[in-house]
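K.L.:
Residue 1 is where the sequence shown starts when you use full-length UniProt numbering, and the numbers rise one by one after that. This is the structure I have questions about; it appears just below.
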Amino acid sequence: MLAELEGVSPELLDDEKFLRHALGEALTQADATVLEVVSKQFDPQGVTVLALLSESHASIHTYPEVGKVFVDVFTCGTRAKPALAVQLLADALGAVSARSDLITRGARVPALVGEEHA
Numbered sequence: 001m002l003a004e005l006e007g008v009s010p011e012l013l014d015d016e017k018f019l020r021h022a023l024g025e026a027l028t029q030a031d032a033t034v035l036e037v038v039s040k041q042f043d044p045q046g047v048t049v050l051a052l053l054s055e056s057h058a059s060i061h062t063y064p065e066v067g068k069v070f071v072d073v074f075t076c077g078t079r080a081k082p083a084l085a086v087q088l089l090a091d092a093l094g095a096v097s098a099r100s101d102l103i104t105r106g107a108r109v110p111a112l113v114g115e116e117h118a
C-alpha cells in the first residue's frame, strides 16, 4: 500500500517522537507485528521513520514545508491490514486528504520454503 497524505500540520511532520509513536500504533492496531522502529530527523526539517515488521516493513517520509507525508506499508500474509494502518495514520496526523494505491507484488508463495516438495 502506497499513500500520500496532504494537509498535515508542519509541526507534526517535524516531530520525530510523535511520528514514531503514530506509525507504531497504526501498525499495531492494523494487526501488524512491529519488531523495530528506526528514524532520522533531517536538518533543516523532515523525518523518515522505518518499521521492521514480521510481515515486511513500513516507512514514512515527511515534507513539512508542503504539509505532505509519503507512506509505504508492505506486508505478506493475510493478517496485517495495510489499508487500515494508512487510515489510522492519516487520522492521527489529521490529514486533510489521502490518496492510496494497493499494489500486489509477487506471486502467492507457500507458507514455508520447501513446503510444496513435502
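Even for Gly, the Cβ is constructed at its ideal location relative to N, Cα and C.
#1: Identify every residue that forms a DSSP beta bridge with A98.
#2: When you compare the CB positions of E55 and T75, do they come within less than 9 Å of one another, or not?
#3: Could you compute how far the alpha carbon of P10 sits from the alpha carbon of G77?
#4: Quick one: grab the DSSP three-state call for E11.
#5: Under 8 Å, with one C-beta from each stretch per pair, do the stretch 61-71 and the stretch 11-26 reach the 3-pair mark?
#6: Out of curiosity, what's the CA-to-CA distance linking A51 and V86?
#7: Taking A98 and A90 to be in contact with their CB atoms under 8 Å, please state how far apart those CB atoms are, rounded to whole angstroms.
#8: Give every residue of the same chain whose Cβ lies closer than 7 Å to the Cβ of T33, excluding the five residues on either side of it in the sequence, and list them in chain order.
P.N.:
Checking against the coordinates, here is how it stands:
#1: L5
#2: yes
#3: 35 Å
#4: helix
#5: yes
#6: 13 Å
#7: 5 Å
#8: L53, S54 and E55
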